[in-house]
Amino acid sequence: MVTERNQTDAVWNHGVMDVNEVLLPGVGLRYEFTNRDGDRIGVIALRSGDFEVVLYDEGDPDESRPVFRLSGAEAETLAQILGAPRIAERFADLTREVPGLNAGQVEVLENSPYAGRRLGSSRARTLTGASIVAIVRGEEVIASPGPDERLNAGDVLVVIGTAEGILGVERLFEG
Amino acid sequence: MGVSVAFLLEFGLILVVLSLLGALARRWTLSPVPLYLLTGLALGDGGIVQVPEAGEFVEIGAAIGVVLLLLALGLEFSIEEFTTSLRRHIPSAGVDIVLNAAPGALAGWVLGLNGVGILALAGATYVSSSGIIARLLSDLRRLGNRETPAVLAVLVLEDFAMAAYLPLLSVVAAGGAWWQAVLWVAVAVSALAAAFAGSYRWGHHVGRVVTHPEAEQSMLRVLGITLVVAALAESVHVSAAVGAFLVGLTLTGEAADRARAVMEPLRDLFAAVFFVSIGLLVSFSEMLPLLPAAAVLATLTAMTKVATGWYAASRDGVARRGRVRAGTALIVRGEFSIIIVGLIGRQEERLVPLVSAYVLILAVVGPLLTRFAGALSPGLRKQAR
């Protein structure tokens, strides 16, 4: 398609999906991709930090139909909603490439000895050899948490290690 | 210190009127620029009300307004955007210059203007209003459209052409010889290149100076540096406007964002004052006889801009309706055309009233036309099915 070749400033292949990047001088950047249903979707990242999401019609491929606009904070929230459940999956992909390495999720229950305490106090890595690489807290994801990170009941820990190591972390947090 | 009650009252009332008109313009997705010009007209010689006390401040404020407008423009730029636009749209820029500067030059010749007048009028018909158009595209929700990058690229290249054109014009207007003009254009262009190179290598140092956690400090530093550089540029005939543009270019990334944020309210105030001051220069009685000429020129150059947009969009593989949208979006002339005549001032008697009328027409008609061209497409789409 002529349109795309001429307009695209960069194409990155994200997994199985091509994302076109188009520069809008003085305004910002536009990302375009096609979803599984064949909808052509555009996301405009404005200099101001706001975002705009548009759809392209079949009738006039050059005209976009505005879907919605997001402020910077709203876009952040949306990204977290979309991103949080995928974190563990992505680690799962990673571990598939290293034999013997596994990823698991451990929930910090109400009666866990470490609920309300610092992550470092569990000495999880020293005791089990497995690493806690992220904490999923509601919509929020804390990537590579430090030892001073306080754990809450309901947090989900993303753990990477051997199968025994992950089991060890589970036992540790069950108390 | 005695406070002039008359001055405070007059200036305050001007701002109140401007805010009311601005709100009205926003409601109709129009640009406030023509309304500010009209306000100036109404306040000038032979206008409805006189503002003798505020006049002097408006004049000084106008000089700051031009500087801040150009600073803001420079802040918008990045090397990447410029090179990308240049790579893809240099033929569009050529078409743009030829199609749109020629009618202005021709009109100047027909009207019997002097050389400076012809050069200024050519510039005024050439340059579209990047400020109004970028805002318009966002308001009309067209940023997602395929023709939009082409439109924005044309605007970026025009703004850059201005950096060479403004010193040329100011030297010629000051009565300099052609070789002097060429020399100063060369100086301006090398300064531009130096600013680009500088911003690439040392931009973060300059950035550190102006990004202060306190907004007040940031604002004072940016404004101070800009005014000093503008003054230096003016003293060597490169035009204060170009100096301010260079400062804007040197700031990139986070520093540019910061500068934009702290300077925005100031720029809005002084730019409004600048447009009012241009209106003040003109009287209705001067403008009336030039109105037909302005209308003819406006019609002609509206068509040439549509052709320019059509061509630029077609280079990006955009279909017909998108090309019409791109062409009509480019029609608007605004702040730059006014800055150009502001440089010439009263050297050529008819130039200020002519260009003011011209900008008044196109700044109102342009947004309406492009809106109409966009609204046309749903009907066409139904027919196509």
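Which chain is which? The protein sequence lines are A and B, in order. Position 163 (the first sequence) corresponds to 146 in the numbering used here; numbering is contiguous. To convert, count from 1 in the second sequence and add 155; that's the numbering used here. Ideal Cβ positions, reconstructed from N, Cα and C, are used throughout, including at glycine. Remember, predicted model here, so these are calculated numbers, not experimental data.
Residue B:401 holds the alpha-carbon nearest to the alpha-carbon of residue 321 (chain B) among B:361, B:401 and B:379. Within 7 Å of the CB of residue 7 (chain A), the CB atoms of chain B belong to 298, 303, 304 and 307, in sequence order along the chain.
Proximity to residue 87 (chain A) across A:116, A:103, A:10 and A:60 peaks at A:116, based on C-alpha coordinates. Contact between the stretch 223 to 230 of chain B and the stretch 421 to 429 of chain B is present: three or more C-beta pairs spanning the two stretches fall below 8 Å. For residue 1 (chain A), the three-state secondary structure derived from DSSP is strand. When the Cα atoms are used, residue 89 (chain A) and residue 152 (chain A) turn out to be separated by approximately 8 Å. DSSP lists no beta-bridge partner residue for residue 335 (chain B). Rounded to the nearest angstrom, the gap between the Cα atoms of residue 179 (chain B) and residue 172 (chain B) is 11 Å. Residues of chain A whose Cβ lies closer than 9 Å to the Cβ of residue 186 (chain B) do not exist; the shortest such Cβ separation is about 16 Å. Of all residues in the stretch 230 to 243 of chain B, only 231, 232, 233, 235, 236, 237, 239, 240 and 243 come within less than 9 Å of chain A when Cβ atoms are compared, listed by chain position. Secondary structure note for residue 433 (chain B): its alpha helix (DSSP H) is the uninterrupted segment 408 to 436.
Restricting attention to B:525, B:527 and B:510, the CA atom closest to the CA of residue 260 (chain B) is found in B:510. Under the Cβ criterion of 7 Å, residue 54 (chain A) is not counted among the residues facing chain B. Within its own chain, the residues whose Cβ lies closer than 7 Å to the Cβ of residue 287 (chain B), once the five positions on either side in sequence are excluded, are 186, 188, 487, 489 and 518, listed in chain order. Inclusion of residue 234 (chain B) and residue 351 (chain B) in the CB contact set at 7 Å is warranted, their separation being smaller than that value. From the beta-carbon of residue 25 (chain A), the residues of chain B found nearer than 8 Å are 299.
When Cβ pairs closer than 8 Å are counted between the two stretches, the stretch 229 to 243 of chain B is seen to touch the stretch 396 to 412 of chain B, the count reaching three or more. Taking one beta carbon from each stretch, the stretch 39 to 58 of chain A and the stretch 93 to 105 of chain A have fewer than 3 pairs nearer than 8 Å; the two do not touch.
Comparing alpha carbon positions, the residue from B:413, B:342 and B:333 closest to residue 365 (chain B) is B:413. Using beta-carbon distances, residue 47 (chain A) counts as an interface residue toward chain B, with a partner under 7 Å.
Within chain B, the residues whose beta carbon sits less than 9 Å from that of residue 13 (chain A) are 298, 299, 303 and 304, listed in sequence order.
Nearest to residue 315 (chain B) by alpha-carbon distance, out of B:432, B:524, B:237 and B:184, is B:237. About 7 Å separates the CB atoms of residue 389 (chain B) and residue 398 (chain B); that is less than 8 Å, so the two are in contact.
Taking C-beta atoms as the reference points, residue 442 (chain B) and residue 512 (chain B) count as a pair closer than 7 Å. With 16 or more other Cβ atoms from the protein chains shown falling within 10 Å of its own Cβ, residue 255 (chain B) counts as buried. Taken in chain order, the complete alpha helix (DSSP H) segments of 4 residues or longer contained in the stretch 295 to 332 of chain B are 303 to 328. Considering only A:113, A:81, A:132 and A:9, the residue with the shortest C-alpha distance to residue 99 (chain A) is A:132. Going by beta carbons, residue 11 (chain A) and residue 30 (chain A) fall inside the 7 Å limit. Think of a sphere of 9 Å around the beta carbon of residue 311 (chain B): the chain A residues whose beta carbon falls inside it are 8 and 9, in chain order. At a Cβ-Cβ threshold of 7 Å, residue 140 (chain A) and residue 118 (chain A) count as neighbours. Chain-ordered listing is empty here: chain B has no CB closer than 7 Å to the CB of residue 57 (chain A), the nearest sitting near 17 Å. For the stretch 260 to 287 of chain B, the set of positions with a beta-carbon nearer than 8 Å to some beta-carbon of chain A reads 285 in chain order. With 16 or more neighbouring CB atoms inside 10 Å of its own CB, residue 258 (chain B) falls in the buried class.
A straight line joining the alpha-carbon of residue 431 (chain B) with that of residue 492 (chain B) spans about 14 Å. Annotation for residue 232 (chain B): no beta strand (DSSP E) segment contains it, and DSSP assigns it neither H nor E. Identification of chain A residues near residue 353 (chain B) by a Cβ-Cβ cut-off of 9 Å yields none; the smallest Cβ-Cβ distance measures about 21 Å.
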